[in-house]
Each structure stands twice: as C-alpha cells, then as structure tokens.
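Asker: Starting off with a structure, shown below.
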Amino acid sequence: FTFTIIAKEVINIDDILEKHADILKNAEIFVVDDKIENRMFLVGLLFKWNMKPTTFNEEQEALQYLKLCNEFKVGIINIDMGGTPLAQKIKQITPDIPLIAISSSEKEEGNELFDYYIVKPIDQFKLFTYLISCIFNKQK
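Here my numbering is used: the first residue of the sequence shown is 565, the next is one more, and so on.
Given below as structure tokens:
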C-alpha cells in the first residue's frame, strides 16, 4: 500500500531576501495610494526589505515631487484611485521608471503602462519578486 501527497513548496521570503538584499537595499521607491492602511502596509514591507519608500496619498502631490526628485527606482500605484492616468503622467516625467499596479479587481484594459499588476490582497512574495525584477532590469 502506497500513497502520494502533493503539496506546495513553502518559500521562505527571508531566505530569498538575504540572497537578494543588495538589489533592494536603499532603493528609492514611491507609493501612491489614497488609503492610509494600504500605504502603511506597503511601507512596512518596504522597510523590512531595506528600501527607502516615499508615500503620497494623492496624484498631484506625487507628480509635483517627481518633477523635483527623479531618484526613484520603481513606483507602486493603486489604480483603483485613477492610477492609469497617473501612470501616463509619470511616464511623461520619467519614461523609464518601472511601475507596479495594485488593484482590488482583475487586470483591465489600458494598463500596459505597468510592468506588473497585483490584485489585492497583496501577495508579499509576488511583490518582492516584482521589485527585484524591476530594479535589477533597470540597473542593466
């Protein structure tokens, strides 16, 4: 008598972070989200991953800052608050910046401005790998 168990591999994000710490360390990142809970959650993750986040709760504030400071490696935008038009404006200011969309709904048309798309609740491993990819590809 035999049987087989099929299980998902458990991935320890701390082990992966340790291997890729230099890619994310001190990377400047911005987050645009109108909900303070979302910003706090993302900032907590980004600090844990040794990044330097700057948050904005409205589009105009983010755009004004981006016009003055162009040191960001990547941006995260909540597209539920009208993020696609914001992404268009950001790409006019900094065309090469990678952008990650977060949303409470499935991917919609018109989001080709984003390098990656995450549906809430945010999968930490997915976000982590997307950030590494964005920053690593931008360094090339």
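Glycine included, every Cβ here is placed at the ideal spot set by N, Cα and C.
With Asp-598 and Glu-625 assumed to form a contact (beta carbons below 8 Å), what rounded beta-carbon distance in angstroms separates them?
Answerer: The residue given as residue 598 occupies position 34 in the sequence shown. The residue given as residue 625 occupies position 61 in the sequence shown. Not confirmed; about 11 Å, so no contact.
Asker: Just grab the DSSP bridge partners of Glu-592 for me.
Answerer: Here residue 592 is taken as the residue at index 28 of the sequence shown, counted from 1. Answer by DSSP bridge pairing, in chain order: Lys-616.
Asker: Exposed or buried, Ala-651, counting other C-beta atoms within 10 Å across all chains shown (16 or more means buried)?
Answerer: Counted from its first residue, the sequence shown places residue 651 at position 87. Flag for Ala-651 reads buried.
Asker: With contact counted as at least three CB pairs below 8 Å, one residue from each stretch, are the segment 603 to 613 and the segment 628 to 635 in contact?
Answerer: As far as the Cβ criterion goes, the segment 603 to 613 does not touch the segment 628 to 635, which means the pair count is below three.
Asker: Hey, Ile-657 and Leu-630: beta-carbon distance below 9 Å or not?
Answerer: Working through the sequence shown from its first residue, we reach residue 657 at position 93. Working through the sequence shown from its first residue, we reach residue 630 at position 66. Going by C-beta atoms, Ile-657 is nearer than 9 Å to Leu-630.
Asker: Between Glu-670, Tyr-694, Asn-675, Met-615, which lies nearest to Ala-585 when the distance is taken from Cα to Cα?
Answerer: On the sequence shown, residue 585 is found 21 positions in, with the first residue counted as 1. Among Glu-670, Tyr-694, Asn-675, Met-615, the Cα nearest to that of Ala-585 belongs to Met-615.
Asker: What first and last residue would you give for the alpha helix (DSSP H) that runs through Gly-647?
Answerer: The sequence position of residue 647 within the sequence shown is 83, counting from 1. Start and end: 647 to 657.
Asker: Taking Ile-686 as the reference, which of Ile-640, Glu-676, Ile-570, Ile-696 has the closest Cα?
Answerer: Within the sequence shown, residue 686 is the residue found at index 122, counting from 1. Nearest C-alpha to Ile-686: Ile-640.
Asker: Following the continuous alpha helix (DSSP H) through Leu-677, name the residue where it begins and the one where it ends.
Answerer: As a first step, residue 677 is located in the sequence shown; it is residue number 113 there, counting from the start. Run containing Leu-677: none; DSSP gives neither H nor E here.
Asker: Grouping DSSP H, G and I as helix and E and B as strand, with all else coil, what is Asn-642?
Answerer: For the purposes of this step, residue 642 is taken as the residue at position 78 of the sequence shown. Three-state result, Asn-642: strand.
Asker: Hey, out of Ile-699, Asn-675, Thr-693, whose CA is closest to Pro-662's CA?
Answerer: Locating residue 662 in the sequence shown gives position 98, counting from the first residue. Measuring from the Cα of Pro-662, the nearest candidate turns out to be Ile-699.
Asker: Should Thr-619 be labelled buried (16 or more other beta-carbon atoms within 10 Å of its own) or exposed?
Answerer: By one-based count along the sequence shown, residue 619 stands at place 55. So Thr-619 counts as buried.
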